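With mature numbering (1 follows the signal peptide of the UniProt record, and there is no 0) applied, the sequence shown corresponds to residues -23 to -1, 1 to 198, in that order.
We put the beta carbon where it would ideally sit given N, CA and C, even for glycine.
What you are looking at is a predicted structure, and each value in this text was computed from that prediction instead of being measured.
Working notes, structure below.
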Amino acid sequence: MTSFGLFSAALLLVLQAPMLAFAYDPSPLQDFCVAVKDPKFAVFVNGKLCKDPNLVKAEDFMFQGLNIAGTTANKQGSNVTLVNVERLGGLNTLGISLARLDYAPNGLNPPHIHPRATEILVVLEGTLLVGFVTSNPNKLFTKALNKGDVFVFPIGLIHFQLNVGHGPALAFAGLSSQNPGVITIANAVFGSVPPISNAVLTKAFQVDDTVIRALQHQFGA
Ligand SMILES: *[C@@H]1O[C@H](CO)[C@@H](O)[C@H](O)[C@H]1NC(C)=O
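As structure tokens, then:
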């Protein structure tokens, strides 16, 4: 084949290939990163400085205690024990973390978002009703999960788990960030400090002031 022939064959291949795009926003490792001029006031973009490799020990890659259930004696009846870079320094820059989730009967891990991570959850005990809602349109994907079942919650989407079994439930989850972050919807909206103006919340939720104040009272604002 002539070089022109080769070129046209290659061009044809490219043109016939399905549209491929390799693009992704940079993945922030913290809520924000305000630019500063003086390095004296700077921290690393990766969130953490790195330990001198000569001083690194096996213990830096180890966390102990995920055999222990978190206490579920709280309003929601659930507890998330998160092993992120704060608790396991070896995770730094590796884009992964782990959580143990305990649920009392009827316990709920309330609707929340991980702004920086996709979550893959496996049920070890009990039955969980789980779900997530897509951004636009707001479509709910939901499923009841039993022991051994796995479910994935895509990055940034509102999701929840409710224990619908008879006894306690246990799950573990992997998250695709060393610092997934968590925004619990009700707490963020009705429990922020300082509180969001009632003019905003009454209009947004189309309810009167007493409802908003009751919700704010419930979530600590
Ligand atoms: C989760 O469990 C831990 C360990 O028992 C406990 O210290 C923490 O207060 C619990 N969190 C909630 C929200 O109950």
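Pairing residue 142 with residue 104 gives a Cβ-Cβ distance under 8 Å. Taking every protein chain shown into account, the CB of residue 130 has 16 or more other CB atoms within 10 angstroms, so this residue is buried. Taking 8 Å as the upper bound for CB-CB distance, residue 166 and residue 134 are not in contact here, some 17 Å apart.
At least 8 Å separates the beta-carbon of residue 77 from that of residue 49.
Residues of the same chain with a CB within less than 7 Å of the CB of residue 69, apart from the 5 flanking positions on each side, are 23, 25, 27, 62, 155 in chain order. In the three-state scheme derived from DSSP, where H, G and I count as helix and E and B as strand, residue 98 is classed as strand.
Membership of residue 179 in any beta strand (DSSP E) is not indicated; the residue belongs instead to the alpha helix (DSSP H) covering 175 to 182. By the Cβ neighbour-count rule, residue 185 is exposed, with fewer than 16 other Cβ atoms within 10 Å of its own. Apart from the 5 residues on each side of it in sequence, residue 15 has no Cβ closer than 7 Å to any other Cβ in its chain. Residues 133, 158, 160 of the same chain have their beta carbon placed closer than 7 Å to that of residue 92, with the five preceding and five following residues left out of the count. Residue 99 places its beta carbon less than 8 Å from that of residue 148. Here the alpha carbons of residue 35 and residue 196 stand approximately 41 Å from one another.
Contiguous alpha helix (DSSP H) elements confined to the stretch 94 to 180 occur at 162 to 167, taking only those with 4 or more residues. Taking the Cβ of residue 84 as the reference point, every heavy atom of ligand 1 lies at 7 Å or farther away.
Relative to the non-hydrogen atoms of ligand 1, the Cβ of residue 51 comes within a distance shorter than 7 Å of at least one. Contact between residue 53 and residue 84 holds, with the beta-carbon distance rounding to 6 Å and staying under 8 Å.
Counting the other Cβ atoms within 10 Å of the Cβ of residue 183 gives fewer than 16, which makes it exposed.
Non-local beta-carbon contacts of residue 139 in its own chain, meaning distances under 6 Å to residues more than five positions away in sequence, involve 85, 106 in chain order. Secondary-structure assignment with DSSP links residue 194 through no beta bridge to anything. Straight-line spacing of the CA atoms in residue 168 and residue 114 works out to 27 Å. Relative to ligand 1, the beta carbon of residue 61 is positioned no closer than 7 Å to any heavy atom. 108 is the residue among 108, 122, 123 whose C-alpha sits nearest the C-alpha of residue 116.
In this model, residue 65 and residue 46 are separated by some 18 Å (Cα to Cα). Placement of the Cβ of residue 56 at a distance of less than 7 Å from at least one heavy atom of ligand 1 is found.
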